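Just below is one structure, and these are the notes that go with it.
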Amino acid sequence: MTEMGSNPHPEQSEHMDTDDTYDCSDQKTGTNSDVTEPVEVLVQLAEEGKIDPWEIDIVDATDAFLNRLERTDLRTSGRALFYAAVLLRMKSEALIDSDGDESTADSEHER
């Protein structure tokens, strides 16, 4: 393990290019995550020893995230969120309907 404040990878510059993409594939399922929080990526890199957390310029990382956010197509993200909400509502209504059917059957059985 490296000492705090020392860079474990001297060949890397002190300021990482936060606009580079990082493979955010889910190790357990093998699927790619559509949304990965920037802080999550930084923590993953630090845990893997690929970056020294003391060398991260939070201001640069935040600025890069905000710049990328400005280029994001929110219409596509919003549409995906909308359809996920519709599916969740359909599932919820199905559960409520099935609970209502069971309680009606139970009350008829008790008579």
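Numbering of the sequence shown is given in full-length UniProt numbering, commencing with residue 1 and proceeding in unit increments. Beta carbons: idealized from backbone N, C-alpha and C, even for Gly. These figures come from a predicted structure and were not determined experimentally.
When the beta-carbon positions are compared, A61 and P53 stay at least 8 Å from each other. In this model, E37 and V43 are separated by some 10 Å (Cα to Cα). Counting every other CB atom within 10 Å of its CB across the protein chains shown gives I51 a total of 16 or more, marking it as buried. It is roughly 10 Å from the alpha-carbon of R89 to the alpha-carbon of Y83. Comparing C-alpha distances from F65 to each of V39, L87 and G100 shows the shortest one belongs to V39. The C-alpha of S77 is placed about 28 Å away from the C-alpha of I56. In the structure shown, K50 falls within a coil segment according to DSSP collapsed to helix, strand and coil.
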